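Colleague: I'd like to ask some things about the structure below.
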Amino acid sequence: MAIDLNARIPNNVDLADNRRLQRALEAWQPKFIDWWREMGPVGFQAQDVWLRTAISVEPGGWANFDYVKMPDYRWGIFLADPEADRRIAFGDHKGEPVWQDVPGEYRSTLRRLIVTQGDTEPASVEQQRHLGATCPSLYDLRNLFQVNVEEGRHLWAMVYLLDAHFGRDGREEAEMLLERHSGDADRPRILQAFNEPTTDWLSFFMFTFFTDRDGRFQLAALAESGFDPLSRTCRFMLTEEAHHMFVGESGVGRVVQRTCEVMRETGDEDLRRQGVIDLPTLQKYLNLHYSLSLDLFGSEVSTNAANYYTGGIKGRFQETKIDDDHRLSDAHYAVPEVGEGGYRTVEAPALNALNERLRDDFIADCQRGVDRWNKIIARHGIDAALTLPHRGFNRGIGAFSGIHVAPDGRIVGEAEWQQRRGEWLPTDDDRAYVRSLMKPVTGPGEMAHWIAAPARGVDGKAIDYEYVRLA
Ligand code: BYC
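Residue numbering for the sequence shown follows the numbering used here, starting at 573 and increasing by one per position.
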């Protein structure tokens, strides 16, 4: 279905035929633009940026490139095409036709999930708002802004659902999504990882690798929903999400590559003298962002998660590809349990263990990315490797939150944790060093010293293309 880009709010949901909804969204739109100007990227609002805009949801239609000034970006409402005769794939309603309207009994649960999802989108834009000033290249600057405008559109996607399906309280929630702010002492964002500032580009790449990947898995679970508008919305968001994770994986990969090149060229042990990011520092940033992202999956054993599933509201990753009864009433799943003598693995009812199962899917996917980074290190003949720390390391949510676990999985006491945390997580010194490297590089094709050039440019353009016109 084509998107009407000329409409005040571009959409493929026939907004013009739904006056009430159109009015609600048109009332929210100026507030969104005000938020974008106040809380979105600092600077660069008047510059032309080489951005992709969705013009249809068909393959090939959602990646239309042109120069756009960010405040003029065509934020809108794009749902993946409906699937004919789609049925609920899991839970108590398995086999029933999907819902086009919110069932009364699931109203508050669905609203809560949509609000939690929606809250993360503007939060990430707020977290990243100062990065433009220190971009390592025009290519990276453009990628940052692409990610930012699409997170803005993901907010629109959730606001559409709230306005279209939740009446007055939906409208109030939509307003609140612009009123909570990342790191705000009085009105913080809902999930903790979205209140941590993204102060430098290494953090940005780690965030887009790990935290956007949580987004991928959560959206995939919501794309299975029996509430069809949510499913269709999330399915389209996933096409955009892939690019964000590419930015993270290739970003960290280019940092790894540059570090290895300098290690080989200079043979210098003191890589900080050489102005690149040493592998131990990279490992600490990895440890931090991985552990913060693991928290985003919630507790290992969760009745919320069981209720979402039995209600047909939130499924498993690739639910329809799994070969079982899709009800899970008798199934079990391994979860960690922390007790007196340490932690151990126990079998929990599979329904209650769905957060852990999604976390396991996430961990396996993270590991594949880390393996690709390690191939870069190996290609340079360097005997070192990045690793994912133990899942219990530095956790604030779930079974491990009451104990300290070292990256290798050993339980450590408070004294050892305090003494050694600087070996495992970025210290003030590490952060200051990384920040000291963050100097803007803005000539077409130029790269900061600490990061390698990308393998190729955007949409077939050269690496030295003027991705952002600064003049
Ligand atoms: N921080 O039963 P539990 C993305 C709360 S990222 C703070 O285990 P549940 C993106 C929980 O709310 C994807 N609180 O939780 C990425 C509950 O509170 P109540 C975002 C937390 O409900 C990058 C209590 O603890 N989408 O898209 O099973 C850039 C008990 O917990 C946290 C979603 O998250 C936490 N980390 O699972 C841009 C999908 N974890 O009931 C975007 C929607 C738990 O005691 N959300 N709590 O008041 C969900 O599916 C679920 O809310 C969660 C939590 C998976 C997050």
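Quick reminder that beta carbons are idealized off the backbone N, C-alpha and C, glycines included. Small disclaimer: the values here were computed from a predicted structure and weren't measured.
How many Å lie between Arg788 and Leu810 at the Cα?
Modeller: Residue 788 sits at position 216 when you count from the first residue of the sequence shown. Residue 810 sits at position 238 when you count from the first residue of the sequence shown. Looking at the two C-alpha atoms, the distance is approximately 6 Å.
Colleague: Is the number of C-beta pairs between the region 825 to 837 and the region 726 to 736 that are closer than 8 Å three or more?
Modeller: With a cut-off of 8 Å, the region 726 to 736 and the region 825 to 837 do not count as touching, because too few Cβ pairs lie within range.
Colleague: Going by the beta-carbon positions, is the gap between Ser775 and Asn767 smaller than 9 Å?
Modeller: On the sequence shown, residue 775 is found 203 positions in, with the first residue counted as 1. On the sequence shown, residue 767 is found 195 positions in, with the first residue counted as 1. Cβ atoms of Ser775 and Asn767: not closer than 9 Å.
Colleague: Whole angstroms is fine: what's the gap from Ala903's alpha carbon to Asn924's?
Modeller: Here residue 903 refers to the residue found at position 331 of the sequence shown. Here residue 924 refers to the residue found at position 352 of the sequence shown. Distance between the alpha carbons of Ala903 and Asn924: 10 Å.
Colleague: Apart from the five residues just before and just after Ile605, which ones in its own chain have a Cβ nearer than 8 Å to its Cβ?
Modeller: Residue numbering aside, residue 605 sits at position 33 when the sequence shown is read from its first letter. Cβ neighbours of Ile605 beyond the five flanking positions: Pro643.
Colleague: Taking all protein chains shown into account, do 16 or more other C-beta atoms lie within 10 angstroms of the C-beta of Tyr678, making it buried, or fewer, making it exposed?
Modeller: On the sequence shown, residue 678 is found 106 positions in, with the first residue counted as 1. Counting Cβ neighbours within 10 Å, Tyr678 comes out buried, since at least 16 surround it.
Colleague: Taking a contact to mean a Cβ-Cβ separation below 9 Å, would you say Arg725 touches Ala626 in this structure?
Modeller: The sequence position of residue 725 within the sequence shown is 153, counting from 1. The sequence position of residue 626 within the sequence shown is 54, counting from 1. Against a cut-off of 9 Å, the Cβ pair of Ala626 and Arg725 comes out as a contact.
Colleague: Which residue from Gln939, Gly648, Pro582 and Leu1009 puts its Cα closest to that of Trp1022?
Modeller: As a working mapping, residue 1022 is identified with position 450 in the sequence shown. Minimum Cα distance to Trp1022 is reached at Leu1009.
Colleague: Name the two residues that bound the continuous beta strand (DSSP E) containing Arg916.
Modeller: The residue given as residue 916 occupies position 344 in the sequence shown. Looking at the DSSP string, the run of the beta strand (DSSP E) that includes Arg916 is Gly914 to Pro921.
Colleague: Decide if Lys886 is buried, meaning its Cβ has at least 16 other Cβ atoms within 10 Å, or exposed.
Modeller: Here residue 886 corresponds to residue number 314 of the sequence shown, with the count starting at 1. Classification for Lys886: buried.
Colleague: Given Ala596, which residues of its chain have a CB within under 7 Å of its CB, disregarding the five upstream and five downstream residues?
Modeller: As a working note, residue 596 is residue 24 in the sequence shown. So the list reads Asp735 and Arg743, once near-sequence residues are dropped.
Colleague: Could you spell out the range, first to last residue, of the alpha helix (DSSP H) harbouring Phe789?
Modeller: As a working mapping, residue 789 is identified with position 217 in the sequence shown. That run of the alpha helix (DSSP H) goes Trp773 to Ala795.
Colleague: Just checking my contact of Leu958 with Leu854 at CB under 8 Å: how many whole Å lie between their CB atoms?
Modeller: As a working note, residue 958 is residue 386 in the sequence shown. As a working note, residue 854 is residue 282 in the sequence shown. That belief holds up - the Cβ atoms of Leu958 and Leu854 are roughly 7 Å apart, short of 8 Å.
Colleague: State the beta-bridge partners of Ala906 as determined by DSSP.
Modeller: On the sequence shown, position 334 is the one that residue 906 refers to. In DSSP, Ala906 forms a bridge with Glu919.
Colleague: If the criterion is Cβ atoms closer than 9 Å, does the pair Pro801 and Leu703 meet it?
Modeller: Walking along the sequence shown from the start, residue 801 turns up at place 229. Walking along the sequence shown from the start, residue 703 turns up at place 131. Against a cut-off of 9 Å, the Cβ pair of Leu703 and Pro801 comes out as no contact.
Colleague: Hey, quick one: how far does the alpha helix (DSSP H) through Leu864 stretch, first residue to last?
Modeller: As a working mapping, residue 864 is identified with position 292 in the sequence shown. First-last of the alpha helix (DSSP H) with Leu864: Leu851 to Asp867.
Colleague: If Phe808 sits next to Leu651, beta carbons under 8 Å apart, how far is it from one beta carbon to the other, in whole angstroms?
Modeller: Within the sequence shown, residue 808 is the residue found at index 236, counting from 1. Within the sequence shown, residue 651 is the residue found at index 79, counting from 1. Going by Cβ atoms, the distance from Phe808 to Leu651 rounds to 6 Å, so yes, they are a contact pair.
Colleague: Pull up the DSSP beta-bridge partners for Asp620, would you.
Modeller: By one-based count along the sequence shown, residue 620 stands at place 48. Answer by DSSP bridge pairing, in chain order: Lys641 and Arg1041.
Colleague: Take the Cβ of Gly632 as the centre, count every other Cβ of all protein chains shown within 10 Å, and call the residue buried at 16 or more, exposed below.
Modeller: Here residue 632 is taken as the residue at index 60 of the sequence shown, counted from 1. Per the 10 Å Cβ criterion, exposed.
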